[in-house]
Amino acid sequence: MITSAPTWVDERRAQASAQFAKAGFPTMRQEEWRFTNVAPIAASNFPLATGAPRHAAALVAGVTVPGAVRLAIVNGQFAAGLSDLGALPKGIRIAGLRDGARDATDGLEQHLAKVFSIDAHPFAALNTAFLDDGVAIIVTGGVVVDTPVHIVVVTSGDGTPVVAHPRVLVIAGANSRVGIAQTFIGAAGDVYFNNAVTEVVVGEGAIVELYTDQRESEKAFHVANIQAHVAAKGVFASHAFSTGARIMRHDIGVGLKGEGADCTMNGVYLADGDRLMDTHTSLDHAVPHCTSHEIYKGILAGKAKAVFNGRIIVRMDAQKTDAKQTNRALLLSDEATINSNPQLEIFADDVKCTHGAAVGQLDEEAMFYLQARGLTRTEARDMLLHAFAGEVIEGLKIPALRGQIEATLFSALERDVNPSTALRAGSLS
Amino acid sequence: MSTATKTIEDLANTEYKYGFVTDVEQDIVPVGLDEDVVRLISSKKGEPEWLLDWRLKAFRAWLKMTEPHWQNVTYAPIDYQGVSYYAAPSEKKKLNSLDEVDPEIRATFNKLGIPIEEQKLLSNVAVDAVFDSVSVATTFRSKLAELGIIFCSFSEAVKDHPELVRQYLGSVVPHTDNYFAALNSAVFSDGSFVYIPKGTRCPMELSTYFRINAKNTGQFERTLIIADEGSHVSYLEGCTAPMRDENQLHAAVVELVAHADATIKYSTVQNWYPGDKHGKGGIYNFVTKRGICKGNRSKITWTQVETGSAVTWKYPSCILQGDDSVGEFYSVAVTNNFQQADTGTKMIHLGKNTRSTIVSKGISAGKGQNTYRGAVKIGKNAANARNYSQCDSLLIGDRCGAHTFPYLEIKNTTAKVEHEASTSKIGEDQMFYCESRGITKEDAINMIVSGFCKDVFRELPMEFAVEAQKLLGISLEGSVG
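Here you go:
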């Protein structure tokens, strides 16, 4: 841990540390954690990851997005050696958080650990308590960045279980535009706990697109907080794709703080094996005339368990709010469980708010139609699953990343979903 | 809209029409709660040993529990040692006809607009009137007895049909179910008991009017309805309560058991004192209602119109155990002024081909907070289960809140579960359209609200549908602008 951090960093750490000491790990008796047992994480007690793991370079190379600016965070530390800033355009500044804080980089003191309250997020408090390094991306006002920025977050203890607390801060100045992707990765079979926090500040009229690709090791614990503030006429879009980790918890929260702000919050998760995938989203319409659109799609196979909790809050006097939320889940196995909890909290009367949730299986008639045209059962199933997830995947505007995500999604399906059990041959005939 | 606001404000100031206190001699157990009080209640009612044991078990379980606070409501803490747990009108002798009923009590019912004799003669409704905690009159008993139907107060059932009570009491809502159910199990005073024998269709709507009366008396009703194979029953429950300043706790338990091919329809109109327009006073309505569709092809329908109480917290639920069984929940909940409601349902699908429908309409006005909270669980073996849920909220005014918290838990691939929710307000164009055709603002609002609630009112028995419409009008008076 750094010793030369400015006092404000120390203060925020101490405050978070006290908060976590007070709250502790959440339990299933708490409403926000009712369906997710984090006892295995609490019991893990892994040491803090240090140094560079052996496979880091190979892992980073495996998910390279050609033409993008690459930032590597290895075990919570900004790894300049594995980063590639060659394509860095003008008007965007990248800083390691540790150096940035020491050099008093603009906006850091104002925004770091200030985008959201950690009181309601024990794991974010834990991350902040260990706040050390990470990256800050600062986009100058009025600058449109066409080159995507790709953050690769690697966690590994070379076979020894470790914990890491990676941190990212994005500050988009007024009327700027940037697309950022974040890939969470670890060596296959590695046991570790990755506790990430990403804070995004969207300035007036700015547009920020954030893609999250969670492909951690199948034995990892992955907890991530992605929290954003959107100023007037700002646009924030979050697209999250999750295929990894043994226990995953995503808390994605967006506060629409200025009139005319807009938020898109989409996601696809594939839970197979005995994974637990929990996504909690929160959209806070704090002021009038904001819009939000949310689509989450889940595919469950094996003995997986998934939780989706989508909250929309419309504050008092946030009139003319237009919020739409859809959550759909496909169950491919009788041993999988889905808990879907869409929630609306509305304190204003002139609003348009809808949410819908649907859980089911692949349409048997569609399957029959495709098979009648000569497709095998597996092909037919893949086609339907592709269409199901496609609505969200299409929103991904970085082709290389989209290719990686699609490949992972379908190879996982191939591995874990046995067509005969998934589709109940009996019921089709 | 300002003139409308004015008219409505005037109407909002209308006092609660049903707030009055009847002066009847009461037999009240001293304030407080301990094992002796539980024993005293049991002995006062001349209960058998097994029932006292059951009460004591529940009481001991309750002592170990803590009051739940996850619900989306706020209220002043309840002093459980500050209430008396039993009140009965002192005159308890058996009555053969309505004329023998205490005239004071008769007058109370008349003021409420539910004259027993009229009900008896005109509406063909057998009325089991519960005045505070003990049944004072039961009508149509003989007529029902001919068919083998048992419809009596809970205490009578304990005396006359102990085997039935013992078999079913706590079988749907165990004494350890939740904090308030445990409390009720320990100190329940009285309530209704219904048994419909095999293959019998109950020829009339069964009805009970509950009324909280004695000051500082918690009301702990217990209702048990058993529909044996192939039977059919429709039960109505309606409530009004007098104006009080202190908050009164009401923690009732209702258990329904439907055997194979049986149908139970349970309808409620709840219009207890909601507190005044400053949020002072009012009833705490913390009720546990649950039915089990035990047999194949059985059906339970809950219909509720909740317009009263300061705080309402209840989830009439269905356990769909039998194959092809059906659960339905239709609800209209209105919160005005400072009222809060956290209500909804649980549909627990265990059997194959089970179906459930949830239609919830929440109306918030003034500073009211209305929450729909519902759970749909599809068990691993519930093949081809189907659920459709619809939750609509109507907001009237910009200081109220409407909240929706559905919980869907699915463990079977063949399940089809859909949930939809929407929030809207009365559109200015809708109002303009009505008014341009000469309909007054108040009528237009009533019309729009009635339309909004139509899906639910349609499910109510005739008598209730009329009363419910009226209540809705009264509850929303003065809230619309």
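Those protein sequence lines, which keep their order, are chains L and E.
The first sequence: position 81 = 81 (my numbering), numbered continuously.
In short: position in the second sequence from 1, add 1000, done, that's my numbering.
Idealized CB from N, CA, C, for every residue including glycine.
Quantities reported herein were computed from a predicted structural model and do not represent experimental measurements.
At least one CB atom of chain E sits nearer than 8 Å to the CB of HIS355 of chain L.
DSSP places CYS1202 of chain E in no beta strand (DSSP E); its state is neither H nor E.
Taking 3 residues as the minimum length, the beta strand (DSSP E) runs contained wholly in the segment 168-218 of chain L are 177-185, 192-202, 207-215, in order along the chain. Bridge pairing for LEU413 of chain L: absent [DSSP]. By the Cβ test, the segment 1220-1230 of chain E is not in contact with the segment 1057-1072 of chain E, since fewer than three Cβ pairs between them sit closer than 8 Å.
Assignment of LYS1143 of chain E by DSSP, reduced to helix, strand and coil, places it in the helix class.
Using a Cβ-Cβ cut-off of 8 Å, SER176 of chain L does not count as an interface residue toward chain E, since no Cβ of chain E sits closer than that to its own. Between THR1288 of chain E and VAL1173 of chain E, the gap from beta carbon to beta carbon is short of 8 Å. Per DSSP, ALA329 of chain L is one residue of the beta strand (DSSP E) stretching across 322-331.
For ALA1076 of chain E, the closest alpha carbon among the candidates E:VAL1194, E:LYS1280, E:PHE1188 is that of E:LYS1280.
When Cβ-Cβ separations below 8 Å define contact, PRO342 of chain L makes contact with chain E. The beta carbon of GLY1308 of chain E sits closer than 6 Å to the beta carbons of GLN1270, ASN1271, TRP1272, PRO1274 from its chain, once the five residues preceding and following it are set aside; these are given in chain order. ALA271 of chain L is outside the set of residues whose beta carbon lies under 8 Å from a beta carbon in chain E. Annotation: Cβ neighbours of GLU1420 of chain E in chain L (cutoff 7 Å, chain order): GLY356.
By the C-beta density criterion, MET265 of chain L is buried, having at least 16 other C-beta atoms within 10 angstroms. Judged by their CB atoms, GLY258 of chain L and SER282 of chain L are not nearer to each other than the 8 Å cut-off.
Between THR337 of chain L and LYS1411 of chain E a beta carbon distance of about 5 Å is seen, short of the 8 Å cut, so the two are scored as contacting. Within a 10 Å sphere around the beta-carbon of MET1462 of chain E sit fewer than 16 other beta-carbons, which makes this residue exposed.
Boundaries of the alpha helix (DSSP H) harbouring ASP99 of chain L: 97-102, taken from the DSSP string. Here PRO342 of chain L carries a strand assignment [DSSP, helix/strand/coil]. For the pair of segments examined, the segment 1246-1259 of chain E was found to touch the segment 1289-1302 of chain E: the number of CB pairs separated by less than 8 Å reaches three. Along the segment 1335-1347 of chain E, none of the residues has a CB nearer than 7 Å to a CB of chain L. From the listed residues E:LYS1265, E:CYS1152, E:ASP1429, E:ILE1225, the smallest Cα separation to GLN1167 of chain E is found for E:ILE1225. Taking C-beta separations shorter than 7 Å and ignoring five residues to either side along the sequence, the partners of ARG13 of chain L in its chain run THR128, ALA129, LEU131, following chain order. In this model, GLY298 of chain L and LEU276 of chain L are separated by some 12 Å (Cα to Cα).
A distance below 8 Å separates the beta carbons of THR1414 of chain E and ALA1383 of chain E.
Only those residues of the segment 1402-1434 of chain E whose C-beta falls short of 8 Å from the nearest C-beta of chain L are listed: ALA1402, HIS1403, THR1404, PHE1405, PRO1406, TYR1407, LEU1408, GLU1409, ILE1410, LYS1411, ASN1412, THR1413, THR1414, ALA1415, LYS1416, VAL1417, GLU1418, HIS1419, GLU1420, ALA1421, SER1422, THR1423, SER1424, LYS1425. Taking 8 Å as the CB threshold, VAL351 of chain L lines the interface with chain E. Residues GLY189, ASP190, VAL191, ARG246 of the same chain have their beta carbon placed closer than 7 Å to that of LYS219 of chain L, with the five preceding and five following residues left out of the count.
For LYS1159 of chain E, the enclosing alpha helix (DSSP H) has its first and last residue at 1154-1160. Secondary structure at TRP1272 of chain E: coil, using DSSP grouped into helix, strand and coil. Annotated as distal: PRO89 of chain L and VAL74 of chain L, with beta-carbon spacing of 8 Å or more. The Cβ atoms of TYR1315 of chain E and THR1335 of chain E lie no closer than 8 Å to each other.
What GLU31 of chain L touches in chain E, judged by beta-carbon distance under 8 Å, is TRP1070, going in chain order. Neighbourhood of THR140 of chain L in chain E, by CB distance below 9 Å: empty, with the nearest CB roughly 40 Å away.
In the pairwise beta carbon analysis, the segment 105-123 of chain L is classified as not touching the segment 54-66 of chain L: fewer than three pairs are separated by under 8 Å.
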